[in-house]
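Chemist: Below is the structure I would like to discuss, written out as structure tokens.
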Amino acid sequence: MAQYVDAYKNSKGPGDARPTAYKIVEDEGLAGKLTDKVFLVTGVSSGIGIETMGAMYATGGHVFGTVRNMAKGQKAVEAVKAKTQGGKITLLEMDNESLASVKKAAEEFLKQSKTLNILINNAGVMATPEGKTKDGFETQFGTNHVAHFYLFQLLKSTLLASSTPSFPSRVVSVSSFAHRNSRIRFDDYNFQKEPYNEWLSYGQAKTANIYFANEIERRYGSRGLHATSNHPGGIKSGLQEHLDGMDEQMEIPKVKAYMKNTEQGAATSVYAALSKEWKDKGGKYLSDCVEQAAFQHPEDPMFVGDDGYAEWAYDEEAAKRLWKDSLKMVGVEDDQ
Numbered sequence: 088m089a090q091y092v093d094a095y096k097n098s099k100g101p102g103d104a105r106p107t108a109y110k111i112v113e114d115e116g117l118a119g120k121l122t123d124k125v126f127l128v129t130g131v132s133s134g135i136g137i138e139t140m141g142a143m144y145a146t147g148g149h150v151f152g153t154v155r156n157m158a159k160g161q162k163a164v165e166a167v168k169a170k171t172q173g174g175k176i177t178l179l180e181m182d183n184e185s186l187a188s189v190k191k192a193a194e195e196f197l198k199q200s201k202t203l204n205i206l207i208n209n210a211g212v213m214a215t216p217e218g219k220t221k222d223g224f225e226t227q228f229g230t231n232h233v234a235h236f237y238l239f240q241l242l243k244s245t246l247l248a249s250s251t252p253s254f255p256s257r258v259v260s261v262s263s264f265a266h267r268n269s270r271i272r273f274d275d276y277n278f279q280k281e282p283y284n285e286w287l288s289y290g291q292a293k294t295a296n297i298y299f300a301n302e303i304e305r306r307y308g309s310r311g312l313h314a315t316s317n318h319p320g321g322i323k324s325g326l327q328e329h330l331d332g333m334d335e336q337m338e339i340p341k342v343k344a345y346m347k348n349t350e351q352g353a354a355t356s357v358y359a360a361l362s363k364e365w366k367d368k369g370g371k372y373l374s375d376c377v378e379q380a381a382f383q384h385p386e387d388p389m390f391v392g393d394d395g396y397a398e399w400a401y402d403e404e405a406a407k408r409l410w411k412d413s414l415k416m417v418g419v420e421d422d423q
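Dropping the structure here:
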């Protein structure tokens with residue numbers, strides 16, 4: 088953690104001295120060293136998903152990556168293999184907008200592997216037009232939270248069984264500092280009572296990603312399954328396809344310096360997944376490879392330069408309530 092402080096303090100924009108995901112693997116001494124480990128990363132066909140897959144591949148482990156478009160995913164795999172040496176990559180077709188697709192992908196994974204050491208829930212959408220998933224959930228909530236929650240439930244026993252004292256299992260939940268836009272809308276998850284707002288929707292989904300990790304840690308941390316959430320940073324990628332004026336925003340000096348490239352954007356996810364620091368603990372919200380403090384600019388939730396968490400991020404009762412509601416949404420019984 089301390090070794091990156093100066094690099095993050097003096098950000099100068101994409102490609103600066105801030106670490107990449109591959110640098111994390113090297114600094115942890117794990118390049119080619121995890122040949123007996125199995126990882127699953129969702130959303131590996133674009134953006135930081137490709138770089139996350141690549142860094143995990145560089146450890147020598149077997150990386151399963153989920154994609155909606157297998158042809159696009161294969162191109163990403165070829166790009167990774169052309170860039171570095173590693174273990175093995177297997178693509179799984181999975182559409183986060185369909186719980187049936189999530190179940191099918193989980194079943195396919197379990198046919199091919201009885202071990203799962205690390206699950207990185209990376210796939211997501213941002214600020215999408217109003218819509219519904221195939222199961223009737225609001226698009227962002229369903230894609231970013233419900234699908235990943237269901238995937239975890241289907242793979243939970245494997246994660247727990249794979250955990251050892253020397254290599255506890257981990258879940259990484261990719262959130263965003265935009266969680267500061269909204270608490271969980273317990274009485275209106277799907278914007279059926281109030282008009283749809285893309286940023287409130289995204290904020291709710293990203294808060295859900297934090298609660299998901301916190302609750303995993305509370306429930307299963309003592310059994311060797313740890314979880315963290317994180318904000319990757321500002322990265323220009325396909326995630327912004329629904330945003331107008333993004334190019335103009337990125338020319339503002341402060342914003343330009345804050346932005347990362349995809350290699351740097353994947354660093355915190357990989358740090359959470361592989362670092363010695365987070366081997367035996369979790370339940371925290373990270374950014375820039377470090378646990379974040381409380382946000383200091385509540386008047387502007389999208390304030391650039393403070394990646395801190397919203398006042399509700401560690402609301403244990405809210406996290407418990409979301410967990411129980413989510414179990415009902417995906418039709419799974421509670422195990423506690």
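If you read the sequence shown in the numbering used here, its first letter stands for residue 88, the second for the next number, and so on.
Ideal Cβ placement from N, Cα and C applies to all residues, glycine included.
This one's a predicted model, so the numbers in the text were calculated from it and none came from an experiment.
Quick check on Ile137: does DSSP put it in helix, strand or coil?
Modeler: DSSP places Ile137 in helix when its eight states are reduced to three.
Chemist: CB-CB under 6 Å to Leu246, same chain, minus the five flanking residues each way: which ones, in chain order?
Modeler: Answer for Leu246: Leu203, Ser256, Leu312, listed in chain order.
Chemist: Distance, Cα to Cα, Pro319 vs Val377?
Modeler: 11 Å
Chemist: Tell me which same chain residues have a C-beta within less than 8 Å of the C-beta of Gln240, skipping the five on either side of it?
Modeler: Leu414, Val417, Val419, listed in sequence order.
Chemist: Would you say Val233 lies against chain D (beta-carbon separation less than 7 Å)?
Modeler: The displayed structure is made up of one protein chain only, and chain D is not part of it.
Chemist: Looking at Gln227 and Ser269, is the spacing between their C-beta atoms short of 7 Å?
Modeler: no
Chemist: Alpha carbon to alpha carbon, how far is Phe196 from Leu179?
Modeler: 7 Å
Chemist: Compute the distance between the beta-carbons of His232 and Ala295, then report whether it is under 7 Å.
Modeler: Result yes, Cβ atoms of His232 and Ala295 sit closer than 7 Å.
Chemist: If contact is defined by three or more beta carbon pairs under 8 Å, each pair taking one atom from either stretch, is the segment 386-397 in contact with the segment 145-156?
Modeler: At 8 Å Cβ cutoff, the stretches do not touch.
Chemist: Is the segment 362-373 close to the segment 341-353, with three or more CB pairs under 8 Å?
Modeler: no
Chemist: According to the neighbour-count rule (16 or more other Cβ atoms, all chains shown, within 10 Å of its Cβ), is Pro106 buried or exposed?
Modeler: buried
Chemist: What first and last residue would you give for the beta strand (DSSP E) that runs through Asn208?
Modeler: Where Asn208 is concerned, the enclosing beta strand (DSSP E) starts and stops at 205-208.
Chemist: Indicate the three-state DSSP secondary structure (helix, strand or coil) for Thr153 in the structure shown.
Modeler: strand
Chemist: Ignore the nearest five residues each way along the sequence and tell me which others in Val125's own chain have a CB closer than 6 Å to its CB.
Modeler: His149, Ser200, Thr202, Leu203, Asn204
Chemist: Should Glu350 and Glu113 be called a contact, given that it needs their Cβ atoms to be closer than 7 Å?
Modeler: no
Chemist: Just reading off the alpha helix (DSSP H) that Glu194 is part of, what are its end residues?
Modeler: 186-199
Chemist: Between Tyr91, Val128, Gly160, Gly174, which lies nearest to Lys120 when the distance is taken from Cα to Cα?
Modeler: The shortest Cα separation from Lys120 among Tyr91, Val128, Gly160, Gly174 belongs to Gly174.
Chemist: On a Cα-Cα basis, can you pick out the residue from Pro340, Asn156, Gln383, Arg408 that is closest to Ser98?
Modeler: Pro340
Chemist: Excluding the 5 residues preceding and the 5 following Pro252 in the sequence, name in chain order all residues of the same chain whose CB lies nearer than 8 Å to its CB.
Modeler: Listed in chain order, the non-local C-beta contacts of Pro252 below 8 Å within the same chain comprise Gly311, local neighbours out to five positions each way being set aside.
Chemist: Looking at Gly152: is its Cβ nearer than 7 Å to the Cβ of Val128?
Modeler: yes
Chemist: Taking Ala360 as part of the alpha helix (DSSP H), name the residues at either end of that continuous run.
Modeler: 354-361
Chemist: So for Tyr289, helix, strand or coil by DSSP?
Modeler: helix
Chemist: Run the CB neighbour count on Ser244, radius 10 Å, all protein chains shown included, and call it buried at 16 or more, exposed below.
Modeler: exposed
Chemist: Rounding to the nearest angstrom, what Cα-Cα distance links Ala380 and Asn277 in this structure?
Modeler: 30 Å
Chemist: Taking all protein chains shown into account, do 16 or more other C-beta atoms lie within 10 angstroms of the C-beta of His384, making it buried, or fewer, making it exposed?
Modeler: exposed
Chemist: Compare the C-alpha of Gln279 against each of Ser249, Glu217, Asn156 and name the closest.
Modeler: Glu217
Chemist: Check whether the Cβ atoms of Ile297 and Ser262 lie closer than 7 Å to each other.
Modeler: yes
Chemist: Between the Cα of Leu242 and the Cα atoms of Leu206, Glu165, Ser132, Asn317, which residue gives the shortest distance?
Modeler: Looking only at Leu206, Glu165, Ser132, Asn317, the smallest Cα-Cα distance to Leu242 is reached by Leu206.
Chemist: Could you check if Asn301 is buried or exposed, using at least 16 other CB atoms within 10 Å of its CB as the buried criterion?
Modeler: buried
Chemist: Let me know the secondary structure DSSP gives Gln327 once reduced to three states.
Modeler: With a pLDDT of only 46 at Gln327, under 50, the local geometry of the prediction cannot be trusted, and the value read off the model is given with reservation. Correct three-state label for Gln327: helix.
Chemist: Does DSSP classify Ile271 as helix, strand or coil?
Modeler: coil
Chemist: Indicate whether Val259 and Ala359 have their beta-carbon atoms separated by less than 7 Å.
Modeler: yes
Chemist: So, are the CB atoms of Leu438 and Glu165 less than 7 Å apart?
Modeler: This structure cannot speak to residue 438, because the chain is shown only from 88 to 423.
Chemist: Spell out the partners DSSP gives Asn301 in its beta bridges.
Modeler: Bridge partners of Asn301: none, in fact.
Chemist: In its own chain, which residues sit with a C-beta less than 6 Å from the C-beta of Lys221, not counting the 5 before and 5 after it?
Modeler: Glu184, Ser185
Chemist: Output yes or no for whether 7 Å exceeds the beta carbon distance between Phe382 and Arg267.
Modeler: yes
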